[in-house]
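S.K.: Take a look at this one; I'll ask things after.
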Amino acid sequence: MQMNLLDKQTPSRIILVLGILWTLSILAIAAWTISAEVNSTLTLATIEARAYFNKDQAIRLWATDHGRIYVPQTADYPPDPNLSHIPERDIVTPSGITLTLINPARIIRELDTGYGQLYGVTGRVTSLKPLAVENTPDAWERRALKRLFNGESEVLEITRIDGEEYLRLMQPLITKEGCLLCHKGQGFEIGKPGGGIGIKLPMKDLREHEGRAIASKSIILLALWFLGIASLVVGGRILRGHAKIRQQMLYELTQSEKRKSAIVETALDCIITIDKYDCILEFNPAAERTFGYSRREVLGKRMGELLVPESLREMHYQGLRRQLQTGERTILGTRIETTALRADGNEFPVELAITRIEQGEQVLFTAYLRDIAESREMAEQLMFQATHDFLTELLNRHSFEQSLQKLLDKSSDNHEHCLMYLDLDRFKLINDSCGHAAGDELLRQLARLLQDNIRDTDILGRLGGDEFGLILPDCPLDCALETGNRLLKAAQDYRFYWDNKIFSIGLSIGLVVIANQKQPVTELLHLADAACYRAKEEGRNRISVTNQTDGKALQKRLGEIDWINSIESAFDQHRFLLYQQPIVKVDAAPGEPPLAMEILLRMVDPDGKLIKPHKFLPPAERYNLISVIDRWVVRTTFYWLATHPDPASLPSLTTINLSGASVADPLFLDFVLEQLHTPNLPVNNICLEITETVAITNLSKARRFISELSDAGCRFALDDFGSGMSSYGYLKDLPVDFLKIDGQFVQEMDTDPVSLAMVRSINEIGQLMGKKTIAEFVANEKTLQLLKLIGVDYAQGYYFGKPAPLDELLSLQTATNTD
11 MQMNLLDKQT
21 PSRIILVLGI
31 LWTLSILAIA
41 AWTISAEVNS
51 TLTLATIEAR
61 AYFNKDQAIR
71 LWATDHGRIY
81 VPQTADYPPD
91 PNLSHIPERD
101 IVTPSGITLT
111 LINPARIIRE
121 LDTGYGQLYG
131 VTGRVTSLKP
141 LAVENTPDAW
151 ERRALKRLFN
161 GESEVLEITR
171 IDGEEYLRLM
181 QPLITKEGCL
191 LCHKGQGFEI
201 GKPGGGIGIK
211 LPMKDLREHE
221 GRAIASKSII
231 LLALWFLGIA
241 SLVVGGRILR
251 GHAKIRQQML
261 YELTQSEKRK
271 SAIVETALDC
281 IITIDKYDCI
291 LEFNPAAERT
301 FGYSRREVLG
311 KRMGELLVPE
321 SLREMHYQGL
331 RRQLQTGERT
341 ILGTRIETTA
351 LRADGNEFPV
361 ELAITRIEQG
371 EQVLFTAYLR
381 DIAESREMAE
391 QLMFQATHDF
401 LTELLNRHSF
411 EQSLQKLLDK
421 SSDNHEHCLM
431 YLDLDRFKLI
441 NDSCGHAAGD
451 ELLRQLARLL
461 QDNIRDTDIL
471 GRLGGDEFGL
481 ILPDCPLDCA
491 LETGNRLLKA
501 AQDYRFYWDN
511 KIFSIGLSIG
521 LVVIANQKQP
531 VTELLHLADA
541 ACYRAKEEGR
551 NRISVTNQTD
561 GKALQKRLGE
571 IDWINSIESA
581 FDQHRFLLYQ
591 QPIVKVDAAP
601 GEPPLAMEIL
611 LRMVDPDGKL
621 IKPHKFLPPA
631 ERYNLISVID
641 RWVVRTTFYW
651 LATHPDPASL
661 PSLTTINLSG
671 ASVADPLFLD
681 FVLEQLHTPN
691 LPVNNICLEI
701 TETVAITNLS
711 KARRFISELS
721 DAGCRFALDD
731 FGSGMSSYGY
741 LKDLPVDFLK
751 IDGQFVQEMD
761 TDPVSLAMVR
771 SINEIGQLMG
781 KKTIAEFVAN
791 EKTLQLLKLI
801 GVDYAQGYYF
811 GKPAPLDELL
821 SLQTATNTD
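Numbering (our numbering), first residue to last: 11 to 829.
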């Protein structure tokens, strides 16, 4: 009777369960459908937003690659003040149409403003350092830009604006070389993000389409639900006839599932169950793969004997006994890292968690293990990459400084250590002539060469560029000098082969003996750097030794570094100024305007005080910033001359001083040739000055430099002529137009007969070779009369005028003409 009742109730229960499951399935499908439609909407919106981004990006790249995009200048398109630093911002066509330069950001902004209504999607360029105020980011864009600068490739969010839903997308704008035309001086770096393009896509139409799709599919699902319920009702009648069979099958299936529920055969982690005697009862497939045993091999055997390393077995057995006797849960329910043993006898690290299972009076323990050898190796690799230089695999600067600090912290006063700062000589030659790949390979080989010639206890690191640091623990000065000389010899004997070329190298080494362990690491490194620089000044390929009390060397080096920071900030803050000093004819009539003016450079400190070039140019030369300064002077002077085209208001010649580094740099020659194409620039009125020493030291490069620019229309002056007594032999090889007689002779010629004779000799040789001569440092009337007597052509000095700001020249000329 009870069985019959069960048979009658079972189909109804099945129908009820199936009905519920069917309903849940339909609901799940409905939920999935809604989710799919929502995701589809978002996907379509994302694709559309990216398409608009790509459109704006394409416009921007096209404009940037073309370099200069001009439009007619109108009231709607006035000249952009943000581009005023570009000399050719405004040009006039041969037909008289005035064109003005617009940048890619403005192009995109104008397209969006004027034609955005055609597609309803807003896009614009923005940056954390916008050139134009119209490109200032809003709050969302600012957050997105910060995420892009932190390495994200795209920011995509659904937001609401004025109650309307929008998809907002932003991707980075990678700085290209053409971007620097407009953004020069803003700190943008080629290849890195400079800003982003933001897209605002309205979601209203897409949401409406989404709603219609969801409604139609919901109707279909509702119909399916009714059909399914009807089918279940019909099926229920059939099931009643087989209730007894189904009940029996369900019972057997339930018992089977209970027996199998203890082990998850598809688990990725190893699952091993043991009894209180340490015998293995269960061993899943993951355990078979990890340990190398088959399940049949291990069942019934003690886990400690097979899977636990010998060094840990006693600890394993003690823990098992303690847990059974006291119930103490030392590691139960926690995750620990330990070591396991494979079938081949190799040990490997695992992460382990253990649970206790009680089945009646039987106590079982199940261990869950995961092989972490690969993850640990990856962690070690990441740690190595964080602490070592990727190129040479030596310690990076941060780790090197930490190693030095640890050595100082654990050392006592009776320990003597040494620190070396090593700088590779002639690295720039190899890097520039053969490319960065050659430079990288040289650094890798040099790292191995240095390691082969130091002790195992010594610590070698790459501090940056071609600079290395070496810590010599427990090493007195004589031992350190021995090591340093060994490194010098190894570098001298070494030959670098690249592209069928052979290069020799050298090292300059600064050595500091560390006797005071309390001195900051940064000061020790500055001292070693200063000593290394002194080694370079003394002729390179040598060791210069300093001590921790050498404050003069440290202050000098720090002072030079301060000058470099000052120069860089002066560029950023526009604190460089151009001055001019007149050059006049020696026999000029009273009131006759100067023949020429020499362009001079001044820097203004943050307090407004004027700094003369003899203070900041030497550090700039030593730290390879002089060519940057020369470029600024040439570009700014050319622009000034091009925008003041009235010949009557300007001297007929403008001279500009150039450094030796710029003359020897072929890229600088290309730069000057390009700048000579500045519109309205009086090329024939430009005279470039190079010193006699620079010309003789780089004779072949100087001859090429002068020749190419002379062909382009420039004239040349040889400055400080006479300072080197080998001058006359080289003068005939240099096609210069003017000789500027060294001022040390001119300023003493009225009191020193030898100086007078030198000036006369230089003038005679110059005149004989067809050169015009210019005397510098003319300070009084007597010197001027002597120059007239000798026959010098032109003169320059305080007697005729002190250096004055270039912008004051026109006002001074106007006042003179009025008088």
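In this text, a Cβ means the ideal position worked out from N, Cα and C, and glycines have one as well.
1) So, at 7 Å on beta carbons, what are the nonlocal neighbours of G516 in its own chain, with the 5 sequence-adjacent residues on each side left out?
2) Exposed or buried, S554, counting other C-beta atoms within 10 Å across all chains shown (16 or more means buried)?
3) Just how far apart, CA to CA, sit I30 and A225?
4) Over what stretch of residues does the alpha helix (DSSP H) that includes E395 continue unbroken?
5) Would you report the Cα separation of I284 and N356, rounded to the nearest angstrom?
6) Here's the rule: buried if 16 or more other CB atoms are within 10 angstroms of the residue's CB, otherwise exposed. What is I107?
7) Please look up how many angstroms separate the CB atoms of L470 and L456, rounded, as I've assumed it's under 8 Å.
8) Taking S137 as the reference, give the member of E98, E791, R157, I281 with the closest Cα.
9) Does the distance from the CB of A5 to the CB of V102 come in under 8 Å?
10) Could you tell me whether the Cβ atoms of I751 and T793 are closer together than 8 Å?
11) Exposed or buried, which one is W573 when buried takes at least 16 other CB atoms within 10 Å?
12) Return helix, strand or coil for T33, following the three-state DSSP convention.
13) According to DSSP, simplified to helix, strand and coil, what is A363?
14) From what residue to what residue does the beta strand (DSSP E) around E167 run?
15) Here's the rule I'm using: 16 or more other beta-carbon atoms within 10 Å means buried, otherwise exposed. How should T824 be labelled?
16) Below 8 Å on the Cβ atoms is my contact criterion, and I expect E220 with T51 to pass it. Report the Cβ-Cβ distance as a whole number of Å.
17) Mark E3 as exposed unless 16 or more other C-beta atoms lie within 10 angstroms of its C-beta, in which case mark it buried.
18) Closer than 8 Å by C-beta to I273: which residues in its own chain qualify, once you throw out the five before and the five after it? Chain order, please.
19) Would you check if there are 3 or more beta carbon pairs closer than 8 Å linking the stretch 376-384 to the stretch 491-500?
20) Starting from I696, follow its DSSP beta bridges and name the residues at the other end.
21) Please report how far the alpha carbon of L698 lies from the alpha carbon of F581, in whole angstroms.
22) Decide if I795 is buried, meaning its Cβ has at least 16 other Cβ atoms within 10 Å, or exposed.
23) When you compare each of D450, E387, H76, E298 to F400 by their alpha carbons, which one comes out closest?
24) Determine the closest residue to E144 out of D90, D762, V673, with distance taken between C-alpha atoms.
25) With a threshold of 7 Å on Cβ separation, who are the neighbours of F715 within its own chain once the five nearest residues in sequence on each side are excluded?
26) Please classify T33: is it buried, with 16 or more other beta-carbons within 10 angstroms of its beta-carbon, or exposed?
27) Going along the chain, which residues of its own chain have a beta-carbon closer than 6 Å to the beta-carbon of A712, five neighbours each way excluded?
28) Report the start-end ranges of each beta strand (DSSP E) in the stretch 738-825 that is 3 residues or longer and not cut off at the edges.
29) Figure out for me which residue from K286, M325, G310 has the closest Cα to the Cα of Q369.
30) Start and end of the beta strand (DSSP E) containing C189?
31) Measure the C-alpha to C-alpha separation of R23 and G246 and round it to an integer number of angstroms.
32) Assign M735 to one of three DSSP states: helix, strand, or coil.
33) Is the beta carbon of R178 sitting closer than 8 Å to the one on T185?
M.R.: The structure says:
1) By 1-based counting over the sequence shown, the position of residue 516 is 506. The residues are D435, R436, A501, Q502, R550, N551.
2) By one-based count along the sequence shown, residue 554 stands at place 544. When all chains shown are included, S554 counts as buried.
3) If you number the sequence shown from 1, residue 30 lands on position 20. If you number the sequence shown from 1, residue 225 lands on position 215. So the alpha carbons of these two residues sit roughly 23 Å apart.
4) Taking the first residue of the sequence shown as position 1, residue 395 is located at position 385. Residue 395 is actually Gln in this sequence, not Glu. Note, Q395: alpha helix (DSSP H), 383-397.
5) Numbered from 1 along the sequence shown, position 274 holds the residue referred to as residue 284. Numbered from 1 along the sequence shown, position 346 holds the residue referred to as residue 356. Straight-line Cα distance between these residues: approximately 22 Å.
6) Indexing the sequence shown from 1 puts residue 107 at position 97. I107 should be labelled exposed.
7) Indexing the sequence shown from 1 puts residue 470 at position 460. Indexing the sequence shown from 1 puts residue 456 at position 446. So it is not a contact: roughly 11 Å between Cβ atoms.
8) Within the sequence shown, the letter at position 127 stands for residue 137. Ranking E98, E791, R157, I281 by Cα distance to S137 puts R157 first.
9) Because the chain in this structure spans residues 11 to 829, residue 5 falls outside the shown range and cannot be described.
10) In the sequence shown, residue 751 corresponds to position 741, counting from 1. In the sequence shown, residue 793 corresponds to position 783, counting from 1. Taking 8 Å as the Cβ cut-off, I751 and T793 do not qualify as a contacting pair.
11) On the sequence shown, position 563 is the one that residue 573 refers to. Result: buried.
12) As a first step, residue 33 is located in the sequence shown; it is residue number 23 there, counting from the start. The answer is helix: DSSP assigns T33 an H, G or I state.
13) In the sequence shown, residue 363 corresponds to position 353, counting from 1. It is a strand residue.
14) Within the sequence shown, the letter at position 157 stands for residue 167. Note, E167: beta strand (DSSP E), 165-171.
15) Counting from 1 along the sequence shown, the entry for residue 824 is found at position 814. Confidence at T824 is low in this model, with a pLDDT of 47, below 50, so the placement of that residue is unreliable and no value is reported for it.
16) Taking the first residue of the sequence shown as position 1, residue 220 is located at position 210. Taking the first residue of the sequence shown as position 1, residue 51 is located at position 41. Between T51 and E220 the Cβ distance is about 4 Å, and since that is below 8 Å, they are a contact.
17) Outside the modelled stretch of the chain, which goes from 11 to 829, sits residue 3, for which no answer is possible.
18) As a working note, residue 273 is residue 263 in the sequence shown. Any reading at I273 must be qualified, since the residue scores a pLDDT of 49, below 50, and its modelled position is unreliable; no value is offered.
19) no
20) Against the sequence shown, residue 696 aligns to sequence position 686. DSSP lists T664 as partners of I696.
21) Here residue 698 refers to the residue found at position 688 of the sequence shown. Here residue 581 refers to the residue found at position 571 of the sequence shown. Distance between the alpha carbons of L698 and F581 is about 23 Å.
22) Working through the sequence shown from its first residue, we reach residue 795 at position 785. For clarity, residue 795 is Gln in the given sequence; the question names Ile instead. Exposed, because fewer than 16 other Cβ atoms sit within 10 Å of the Cβ of Q795.
23) Sequence index remark: in the sequence shown, residue 400 carries index 390 (1-based). F400 has its Cα closest to that of D450, out of D450, E387, H76, E298.
24) Your numbering for residue 144 matches position 134 in the sequence shown. Nearest C-alpha to E144: D90.
25) Taking the first residue of the sequence shown as 1, we reach residue 715 at position 705. These residues qualify, in order along the chain: V673, L679.
26) Locating residue 33 in the sequence shown gives position 23, where the first residue counts as 1. Result: exposed.
27) Counted from its first residue, the sequence shown places residue 712 at position 702. Counting only Cβ-Cβ distances below 6 Å, and skipping sequence neighbours, we find V673, A705.
28) 748-751, 782-785
29) Working through the sequence shown from its first residue, we reach residue 369 at position 359. Out of K286, M325, G310, K286 has the C-alpha closest to the C-alpha of Q369.
30) Taking the first residue of the sequence shown as position 1, residue 189 is located at position 179. Here C189 belongs to no beta strand (DSSP E), and DSSP marks it neither H nor E.
31) Against the sequence shown, residue 23 aligns to sequence position 13. Against the sequence shown, residue 246 aligns to sequence position 236. Using only the alpha carbons, I get a separation of about 9 Å.
32) Residue mapping note: residue 735 aligns to position 725 of the sequence shown, counting from 1. For M735, the predicted model reports a pLDDT of 45, less than 50, meaning its position is unreliable; a value from the coordinates is still stated below. Reduced to three states, the DSSP call for M735 is coil.
33) Sequence index remark: in the sequence shown, residue 178 carries index 168 (1-based). Sequence index remark: in the sequence shown, residue 185 carries index 175 (1-based). Taking 8 Å as the Cβ cut-off, R178 and T185 do not qualify as a contacting pair.
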